[in-house]
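Trainee: Sharing a structure, written as structure tokens. Questions coming.
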Amino acid sequence: AALAARLRGDHRGWWRPLTWGAAATLLGWALFVALNPFLWPAPARRTGDLFRYRQFEIDRQMRNHPNVAVRDLGDRVTLILDRALVRRTWASTTLHVPVDVALAAIGLGALLLLSWRDWRQRGLIGPAAVVIVWLLAYLVGMTWGYGYDQARYIAPIFLLATLLSGVGAEALLRSSITVWRLAPEAVSRYIRRAPVSEATPPHAQTIRAPHPGYHGGRSNVWSNR
């Protein structure tokens with residue numbers, strides 16, 4: 093957000109997103125420490141110990157079970173997307189249709205469209221862009237740490253799919269309501285603008301003008317009598 097502020101020429105308030113982000117990070121970490129008694133004696137050092145132990149645990153699992161170890165970063169991305177968007181979807185339920193994948197794709201498209209509109213119209217990084225950045229950060233973090241192919245390690249990715257599916261369902265519902273409201277007006281406007289043909293329809297009979305000597309069914313001969 094700070095970079096975007098600099099790009100759009102805001103040289104005075106570009107530091108505000110950085111301040112807000114730093115404050116939110118510190119507040120989140122403080123809450124994490126408050127809820128974890130293990131961190132109370134030395135919060136900073138023991139937080140680092142948690143990350144180091146997690147890395148040690150993953151390395152040990154990869155050594156003990158090399159058949160499910162995932163060392164290549166590209167393979168990690170493929171496995172995560174395959175587990176989240178191919179195998180464990182609604183296609184494996186009684187519906188046999190991956191509705192959640194379609195809704196998630198629509199939701200991602202809706203967020204991208206909203207982000208583009210916010211940037212084009214107001215030059216701002218709006219809430220939709222923040223959600224996209226959060227999703228990308230979440231996905232990158234999971235991909236980086238996915239060295240052991242187990243379903244429980246990709247469980248958090250379903251939170252992202254659920255969120256995007258909800259956004260997609262909301263976008264479809266909103267679009268349907270808009271179309272339902274505007275359809276009668278669009279049809280009536282089309283009817284009013286439709287050109288009226290002046291050509292004689294092919295099924296219409298040609299009506300000839302009456303003979304000059306014919307007036308109301310009586311000939312001039314009888315009328316002169």
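Here the working numbering = 1-based position in the sequence shown + 92.
A virtual CB, placed ideally from N, CA and C, is assigned to each residue, including glycine.
Got a sec? Which residues, its chain only, sit under 7 Å from alanine 176 by beta carbon, not counting five neighbours each side?
Mentor: Only Ile246, Ile249, Phe250 and Ala253 meet the Cβ criterion.
Trainee: For alanine 161, write down the residues that DSSP places opposite it in a beta bridge.
Mentor: Partner(s): Tyr240.
Trainee: Apply the 10 Å Cβ neighbour rule to leucine 256 and answer buried if 16 or more other Cβ atoms are within range, or exposed otherwise.
Mentor: Counting Cβ neighbours within 10 Å, leucine 256 comes out buried, since at least 16 surround it.
Trainee: Ignore the nearest five residues each way along the sequence and tell me which others in tyrosine 238's own chain have a CB closer than 8 Å to its CB.
Mentor: Hits under 8 Å: Val162, Arg168, Leu171, Ile172, Tyr245 and Ile246.
Trainee: With a CB to CB cut of under 7 Å and the five nearest residues on each side skipped, what residues in its chain are close to proline 135?
Mentor: Same-chain partners within the cutoff: Val125.
Trainee: Going along the chain, which unbroken runs of the alpha helix (DSSP H) with 4 or more residues stay wholly within the stretch 194-253?
Mentor: Here the runs fully enclosed are 219-237.
Trainee: Compare the beta carbon distance of alanine 220 and alanine 202 with 9 Å and say whether it is the shorter of the two.
Mentor: Cβ atoms of alanine 220 and alanine 202: closer than 9 Å.
Trainee: What residue range is occupied by the uninterrupted alpha helix (DSSP H) comprising alanine 136?
Mentor: Its alpha helix (DSSP H) spans residues 135-156.
Trainee: Out of curiosity, what's the CA-to-CA distance linking phenylalanine 148 and glutamine 213?
Mentor: When rounded, the distance between both Cα atoms is 48 Å.
Trainee: Alpha carbon to alpha carbon, how far is glycine 260 from valine 189? Give it in angstroms, no decimals.
Mentor: Cα to Cα, valine 189 sits roughly 16 Å from glycine 260.
Trainee: When burial is assigned at 16 or more other CB atoms within 10 Å of the CB, is leucine 195 buried or exposed?
Mentor: Result: buried.
Trainee: For threonine 139 and leucine 127, which I take to be in contact (beta-carbon distance under 8 Å), what is that distance rounded to the nearest angstrom?
Mentor: Not a contact, Cβ separation roughly 13 Å.
Trainee: Find out if the Cβ-Cβ distance for the pair tryptophan 226, leucine 165 is shorter than 9 Å.
Mentor: No, the Cβ-Cβ distance between tryptophan 226 and leucine 165 is not below 9 Å.
Trainee: Can you give me the C-alpha to C-alpha distance between leucine 228 and aspartate 192, rounded to a whole angstrom?
Mentor: In a straight line, the C-alpha of leucine 228 is about 19 Å away from that of aspartate 192.
Trainee: Cutting at 6 Å between CB atoms, please list the residues of its own chain near valine 288, excluding the five before and the five after it.
Mentor: No answer about valine 288 holds up, because its pLDDT of 49 lies below 50 and its placement is not dependable.
Trainee: Our contact map puts methionine 154 next to tyrosine 230 with C-beta atoms below 8 Å; I'd like the distance itself, whole angstroms only.
Mentor: Contact doesn't hold; Cβ gap of about 22 Å is too wide.
Trainee: Given aspartate 174, which residues of its chain have a CB within under 8 Å of its CB, disregarding the five upstream and five downstream residues?
Mentor: Closer than 8 Å at the Cβ level, and outside the excluded window around aspartate 174, lies no residue.
Trainee: So, at 7 Å on beta carbons, what are the nonlocal neighbours of valine 223 in its own chain, with the 5 sequence-adjacent residues on each side left out?
Mentor: The residues are Leu203.
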